[in-house]
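K.L.:
Protein chains in written order, with UniProt numbering: chain B, 1 to 462; chain E, 1 to 462.
2 protein chains.
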Amino acid sequence: MNSPVPNSSAFSELRAYFGERFSTVPDVLEQHGRDESRAERHLPDAVIFARSEDEVRRVMASASQFEIPIIPFAAGSSLEGQLIPVRGGISLDVSQMNTVLDIQPQGFLATVQAGVTYPALNRQARPHGLFFPVDPGAEASLGGMAATNASGTGAVRYGTMRDNVLSMRAVLIGGKVIQLGTQARKSSAGYDLRHLLIGSEGTLGVITELSVKLHPLPSELAVLRCHFRSVEAAAQCAASVMQAGLQPERLELMDERQMRAVNLHQGTRYPEAPTLWIELAAASRTALDEALALCAELCAAGGAGGVELARSETERQQLWQARHQAYYAARALHPGHAMLSTDLCVPLHELAPTIALTHRLCAENNLDASFVGHVGDGNFHVLFHAEPEDAATWQMIGRVYDLMVAAALAVGGTCSGEHGIGLHKRRHLRAQHGDLLELMRGIKALFDPQGLMNPGKIFEED
Amino acid sequence: MNSPVPNSSAFSELRAYFGERFSTVPDVLEQHGRDESRAERHLPDAVIFARSEDEVRRVMASASQFEIPIIPFAAGSSLEGQLIPVRGGISLDVSQMNTVLDIQPQGFLATVQAGVTYPALNRQARPHGLFFPVDPGAEASLGGMAATNASGTGAVRYGTMRDNVLSMRAVLIGGKVIQLGTQARKSSAGYDLRHLLIGSEGTLGVITELSVKLHPLPSELAVLRCHFRSVEAAAQCAASVMQAGLQPERLELMDERQMRAVNLHQGTRYPEAPTLWIELAAASRTALDEALALCAELCAAGGAGGVELARSETERQQLWQARHQAYYAARALHPGHAMLSTDLCVPLHELAPTIALTHRLCAENNLDASFVGHVGDGNFHVLFHAEPEDAATWQMIGRVYDLMVAAALAVGGTCSGEHGIGLHKRRHLRAQHGDLLELMRGIKALFDPQGLMNPGKIFEED
């Protein structure tokens, strides 16, 4: 299917209605033709900046009428090619739908338009002593985060988007508006279609509004940082912290290559060894000190060295700094290289052996890969890099990646802990959920009988 | 559609295979013809006791071939008529599939057959210092609990089945086996069909196996019990405990009528006033004492009287006793009466006003209703009762129930916090999710094109 050309009659109504917010300016198309991944680039035929659900409905009605593909877009921070208009069409940009509509401090909930970013929500929640804990990095929008079931460093304590979205409004192709979920904290009222939209990567409808859980800001916080002889030892220690029931706020790992990248990039002198960050919270200083003491014991038993502790906000930020710089440091270290970040997730008791296996696979195949991970979830990223045109290395990366996925699936894990499937992991999805693909395609056809919603994503083309 | 008679050729193969585990004994049919609700009773044509997934597949293949309705059955403890074979067919009893297959203490997970009850799982988890926190009461099976997205007193801290089921195996009509979810703690791999099966009340397939999260047993526990002048004041205090971030393990409410019922039933002398239970956990005695002190302050500020504290396991069980007896006491107080328990759930900030409104509705209509609730979730039960044949009272109860549902929906709540839809709440589901029913029916048709899975449940007949 080819979409109509932007100056055709199919677009004329939309162009007339949206005026300057209907754009075919090359820079704007370019910006909506890629995401943060190493994916091929395709331009949309047009970009529309919607400012209300009603405007989204209008676009979705026209799209159905004229069979124009729709790619929902907000912050543009997806990592698996989710936003790339592989079949052209309209990139429907909801980033201007960025109003926090309501905060109910007594109900622990906020209602926002889909284009609100999580840092923006947090700026409004914090004065109430509350915060939204899902932090995938980048300035991601809540609509996009729901669409990929995003998570990040806070998931170990507060869960993913799936655990924090109470209800949503969405527009289906053709313009029908649906309301999914409720604002109550639990519900057993029919099939939970909310969980279909969460993680649907724009293939079922356009999310326009979300009600999400807020959580009380922890009153006492501290961060421990320490390093280990091996990544496996660090992962094992992370598992032991979880097993002790310490419920860390964050539990992050970086390997020695990542630490070296940061030192080179930042001019710092961190020990270039696998490093663990453990952030703990408690209701009082006494309770926090007890937790820290237990945690330090576990680290010592796990062979940790160089234990450092930060309490004040400034100190904590300083201690976290290397972790925050990880991705950019790795990028800066290999200028001109494209990066590929995996996001496997395995059961906690399988984390250390899986990381060990992955390490070996990379070494055996001479791949220079670094590790960083939300290890309290069993989720870790391997950062690969190579020159974009270096086909041989990318082929090798692909082969090793497939082996890593197979190893994760064999121990009950998943090919994607948080990035989603997009364009890049469609074959991995087949390996993981081949028995479910027919049902998933059936559901896709129910919501989007014309196949116009973000075509080419999640499912391999027939 | 009428199902075949049990001695027809349709059943002969199954009868031959299952022998005595294919039953048409009147007592057995009777036991599978009702649940714990005040629903009409219908007998199945036959009951089959399956002992393995392979046996379930065999039944599901025959059922498709001969168009026989299938009603999955395990503990028989549903409350909304979910188990009632309104169109006859086979009650497929998986209660003998009761093996705990695997416990991974380091991975915080257990894998069980669908007929394992949560108390049985807990008996095997506790020696590892772990437990499964979803406790709907009765000796419910994990398969059935997943099918209704059950919760209970532990949900305020640990969530519902939806939050605790990592993966499932299920058999579809015709015999196909599917695997939903993974054992990893998070996944963003395609549409999350796991959440369709959870809460599907046996209308999509038969759950045969589940992997669920286990949690560390809290090391220090204490329970506060206190009473209030009004249910609204108690509910308000419950909300303030949540808002303080105390994260109680349980937070339960009973009104004065419930307390009186317990006194009459048990010969106890509890104050006959709205009563709140707050169970707190901490990693140490010091941390627990701090939390208790804050909690006691909040209770005092909320106007609580008669504050009692229990620490040892025996004392705690004693303090909880009245709460555990609630349902049976209410039942015993009105011998011969049928009971109906609602399970509305509203956002926390709407709880006290919603309870006040509900109270007024009952009083205005001279309904003798008592309240009990998992108030930390915003979830509360109103227990109605009347003689089964008293049509006028049941009509009034129905009218008041509809008004209660409308009030809950108006503030963003749900008609069912934990019991599900079954036969009784189908009209409430339409009020709540009317815009989604077409999609839900489409999904039902995808999984069960012949309409054989637990017919008549969730959806009103055409």
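Using N, Cα and C, we set each Cβ at its ideal position, and we do this for glycine too.
Which residue from E:M259, E:P218, E:V171 and E:C345 puts its Cα closest to that of residue 482 (chain E)?
P.N.:
Since the first residue shown for chain E is 1 and the last is 462, residue 482 (chain E) is missing from the structure and cannot be characterised.
K.L.:
Return the Cβ separation of P271 (chain B) and G306 (chain B) in integer angstroms, given the expectation that the two are a contact with Cβ distance under 8 Å.
P.N.:
Indeed they touch by this definition, with Cβ atoms about 6 Å apart.
K.L.:
Out of B:E364, B:P216 and B:Q124, which has the shortest C-alpha to C-alpha gap to F108 (chain B)?
P.N.:
Minimum Cα distance to F108 (chain B) is reached at B:P216.
K.L.:
The stretch 405-436 of chain E: which residues have C-beta closer than 7 Å to a C-beta of chain B, in chain order?
P.N.:
The residues in question are G412, G413, T414, C415, S416, G417, E418, H419, G420, I421, L429, Q432, H433, D435 and L436.
K.L.:
For S341 (chain B), which three-state DSSP category applies?
P.N.:
Looking at S341 (chain B) - three-state DSSP - the assignment turns out to be strand.
K.L.:
Just mark L292 (chain E) as buried or exposed, buried being the case when its beta carbon has 16 or more other beta carbons within 10 Å.
P.N.:
It is buried - the Cβ of L292 (chain E) has at least 16 other Cβ atoms within 10 Å.
K.L.:
According to DSSP, is S62 (chain E) part of a helix, a strand, or is it coil?
P.N.:
Reduced to three states, the DSSP call for S62 (chain E) is helix.
K.L.:
So that I know if they touch, is there some Cβ in chain B lying closer than 8 Å to that of K186 (chain E)?
P.N.:
Closer than 8 Å: yes.
K.L.:
With 8 Å set as the bound, which would you pick, yes or no: does the beta-carbon of F108 (chain E) sit closer than that to a beta-carbon of chain B?
P.N.:
It does; some Cβ of chain B falls within 8 Å.
K.L.:
Please tell me whether E249 (chain B) has its Cβ less than 8 Å away from any Cβ of chain E.
P.N.:
No, no contact with chain E.
K.L.:
Kindly say whether P347 (chain E), judged by its beta-carbon, lies nearer than 8 Å to any beta-carbon of chain B.
P.N.:
Chain B, which has a Cβ nearer than 8 Å to the Cβ of P347 (chain E), makes this yes.
K.L.:
I want to see whether chain B comes within less than 8 Å of I458 (chain E), judged by CB atoms only; does it?
P.N.:
It does; some Cβ of chain B falls within 8 Å.
K.L.:
Can you find a C-beta in chain B that's less than 8 Å from the C-beta of L14 (chain E)?
P.N.:
By this cut-off, L14 (chain E) is not an interface position.
K.L.:
Please compile the residues from chain B whose C-beta is within a distance smaller than 7 Å of the C-beta of N379 (chain E).
P.N.:
Within chain B, the residues near N379 (chain E) are K186.
K.L.:
Quick one: grab the DSSP three-state call for M1 (chain B).
P.N.:
Unreliable placement is indicated for M1 (chain B), whose pLDDT of 47 sits below 50; the coordinate value is still reported in the next sentence. It is coil, neither helix nor strand.
K.L.:
Given that S151 (chain B) touches chain E, what residues does it touch there, using C-beta distances under 7 Å?
P.N.:
Going along chain E in sequence order, the residues near S151 (chain B) (Cβ under 7 Å) are K186.
K.L.:
Please tell me whether I278 (chain E) has its Cβ less than 8 Å away from any Cβ of chain B.
P.N.:
No, I278 (chain E) does not count as interfacial toward chain B.
K.L.:
Specify the secondary structure class of D102 (chain E) as computed by DSSP and reduced to three states.
P.N.:
It is a strand residue.
K.L.:
When you compare only the Cα positions, how much space is there between T160 (chain B) and R285 (chain B)?
P.N.:
Approximately 28 Å, taken between the alpha carbons.
K.L.:
Determine, using beta carbons only, whether G190 (chain E) comes closer than 8 Å to chain B.
P.N.:
So yes, G190 (chain E) belongs to the interface.
K.L.:
How long is the line joining the alpha carbons of A233 (chain E) and G456 (chain E), rounded to whole angstroms?
P.N.:
Each residue's Cα considered, the two are about 41 Å apart.
K.L.:
Pick helix, strand or coil for M259 (chain B), following the three-state DSSP scheme.
P.N.:
Looking at M259 (chain B) - three-state DSSP - the assignment turns out to be helix.
K.L.:
In chain order, what residues of the same chain have a beta carbon less than 6 Å from the beta carbon of E350 (chain B), not counting five sequence neighbours either side?
P.N.:
So the list reads V411, once near-sequence residues are dropped.
K.L.:
When Cβ atoms are compared, which residues of the stretch 233-258 of chain E fall closer than 7 Å to chain B?
P.N.:
Correct list: A239, Q243 and G245.
K.L.:
Less than 7 Å between C-beta atoms, sequence neighbours within five positions excluded: which residues of the same chain meet that for S230 (chain B)?
P.N.:
P274, listed in sequence order.
K.L.:
In the structure shown, what three-state DSSP assignment does F108 (chain B) receive?
P.N.:
It is coil, neither helix nor strand.
K.L.:
State the DSSP-derived secondary structure class of K444 (chain B), mapped to helix, strand or coil.
P.N.:
K444 (chain B): helix per DSSP, three-state reduction.
K.L.:
For R34 (chain B), does the three-state DSSP call read helix, strand or coil?
P.N.:
Three-state result, R34 (chain B): coil.
K.L.:
What do you reckon, are the CB atoms on residue 487 (chain B) and A235 (chain B) nearer than 8 Å?
P.N.:
Residue coverage of chain B in this structure runs from 1 to 462, which leaves residue 487 (chain B) outside it and unanswerable.
K.L.:
Going by CA-CA distance only, name the one from E:V382, E:Q318 and E:Q325 that's closest to D343 (chain E).
P.N.:
Measuring from the Cα of D343 (chain E), the nearest candidate turns out to be E:V382.
K.L.:
In whole angstroms, give me the CA-to-CA distance for G143 (chain B) and N149 (chain B).
P.N.:
Those two C-alpha atoms are separated by around 10 Å.
K.L.:
Under 8 Å, do L172 (chain B) and M339 (chain B) count as touching if we go by C-beta distance?
P.N.:
For L172 (chain B) and M339 (chain B), no; Cβs fall outside 8 Å.
K.L.:
Which class does V206 (chain B) belong to by DSSP, given the choice of helix, strand or coil?
P.N.:
In this structure, V206 (chain B) counts as strand in the three-state DSSP scheme.
K.L.:
Please list the partners that G442 (chain B) has in chain E, where partner means a Cβ-to-Cβ separation under 7 Å.
P.N.:
Simply L446.
K.L.:
With which residues is M168 (chain E) paired in a DSSP beta bridge?
P.N.:
According to DSSP, which records beta bridges pairwise, M168 (chain E) is partnered with E:L180 and E:L210.
K.L.:
Which ranges does the beta strand (DSSP E) cover as unbroken runs of at least 3 residues, wholly within the stretch 338-401 of chain B, from first to last along the chain?
P.N.:
Complete beta strand (DSSP E) runs here, min 3: 338-341, 370-374 and 379-386.
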